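> To start, I am sharing the structure in question, which I have written as structure tokens.
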Amino acid sequence: MSASEEISDASSRAWLANRPYALLSIAAACWAGNAIVGRLAAGHIPPVTLAFLRWGLGFLIILPVSWRHLKHDWPAIRAKLGLMTFLSVIGIAGFNTLQYWALEYTEALNTLLLQSTGPLFVACWSLVLFGIRLTLAQAIGIVVSLTGVLVILLHGDIAAITAIDFNKGDIIFLVALLIFGLYSVMSLKRPAIHDLSFTAFTFACGSAVLVPPLIFELFWRPAMQLNVTNLLSVMYVAVFPSTIAYLCYNRSVHLIGANRAAPFFHAVPVFGSAMAIVFLGERPQVFHFIGFALVLTGIFAASRKPSAAPG
């Protein structure tokens, strides 16, 4: 690669790294695929095994580019080791293991719908822990985008909401979302370290925390079979919803805060619907376009930077 190409490539990365809404869109698309792959893996890959392989491989993928930053930032990490460990346990080990466990009992559609409640959990934790209230624009944006999600998931028939069967898996996933909301808010208190350092440490710590339950699971349930489908599922969750999505999400929260980033949870079911159209051959309907428009309008309203108070 020539010097000019290297400069151009570095400039492109720097541009993307400072575009939180583009980063959040990438994260939402990756997480939408995670719900589909997690559902396909249910019954074939035990939940703790899938979570452990996801984060362990994710750490190995990111280690070569994060090692220099980890060495530099280690004193800052060690100074807040308790908080960093806590974030690893809830946001990496806890949330995702519960999600894969939930997908053994519920449909991917249900988790996509429930994931839209993510901003509400973030808002509640922000208020309880730090006294941060939603602005009027954020509250209106959440309601509008959530309405768009419902339009898409219910195929434009609001009465169909009574036909949704919530079960044990849905309750488990709601607990997972409660935990992820706490992770989103508490990550604002992380030490002032590079995003790669933060991501690599939480991946490593989160996978290490999963070792004891992994050992228990190996005795309790049949081990994962080494076939092409299972290996491709593991590679997908290690690369896209883990390495790429968490780098994008953590960077975005660092740039704009948890409350303004949270409305992008609503984009997850939108991307999920789009994937169903592209990969499963479902035909786009009018309700898709109405729902997409509502979601984008709500996200735009909720994620705008509040105006400065007049002086």
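To get this note's numbering, take the position in the sequence shown, counting from 1, and add 24.
Even glycine gets a Cβ: it sits at the ideal position worked out from N, Cα and C.
Note that the structure is a prediction, hence the values are computed from the model and not measured.
Which of the three DSSP states is assigned to GLN139 in this structure?
Helix at GLN139.
> Do VAL209 and ALA282 count as a contact pair if the criterion is CB distance below 8 Å?
Yes.
> For the alpha helix (DSSP H) that ARG92 lies in, which residues bound it at each end?
Where ARG92 is concerned, the enclosing alpha helix (DSSP H) stretches over 71-103.
> Between the beta-carbon of ALA13 and the beta-carbon of ALA200, is there less than 8 Å?
No information on residue 13 is available, as it lies outside the stretch 25 to 335 that the chain covers here.
> I need the straight-line Cα distance from PHE226 to LYS95, nearest angstrom please.
Just to set this straight, residue 226 is Thr in the shown sequence, not Phe. Distance between the alpha carbons of THR226 and LYS95: 15 Å.
> Closest to VAL292 by CA distance: which of ASP219, ARG214, LEU238 and ALA132 is it?
Per the Cα distances, ALA132.
> Under 8 Å, with one C-beta from each stretch per pair, do the segment 78-97 and the segment 272-291 reach the 3-pair mark?
Verdict: no, contact absent.
> Would you tell me roughly how many angstroms separate the C-alpha atoms of SER140 and TRP98, rounded to the nearest one?
Near 36 Å, if we compare the C-alpha coordinates of TRP98 and SER140.
> For GLY315 and GLY172, what's the separation of their Cα atoms in angstroms?
Near 4 Å, if we compare the C-alpha coordinates of GLY172 and GLY315.
> Looking at the secondary structure, which residues open and close the alpha helix (DSSP H) in which ASN42 lies?
No alpha helix (DSSP H) contains ASN42, which DSSP labels as neither H nor E.
> In three-state terms, what does DSSP make of ASP181?
It is coil, neither helix nor strand.
> Are the beta-carbon atoms of ALA56 and PHE295 separated by less than 8 Å?
Going by C-beta atoms, ALA56 is nearer than 8 Å to PHE295.
> For MET248, which of helix, strand or coil comes out of DSSP?
MET248 falls in the coil class under three-state DSSP.
> Throw me the rounded Cβ distance for the VAL74 and VAL258 pair, which I believe falls under 8 Å.
Val is not the amino acid found at residue 74; the sequence shown has Leu there. With 8 Å as the limit, LEU74 and VAL258 qualify as a contact, their Cβ atoms being about 7 Å apart.
> Can you tell me whether DSSP reads TYR270 as helix, strand or coil?
Reduced to three states, the DSSP call for TYR270 is helix.
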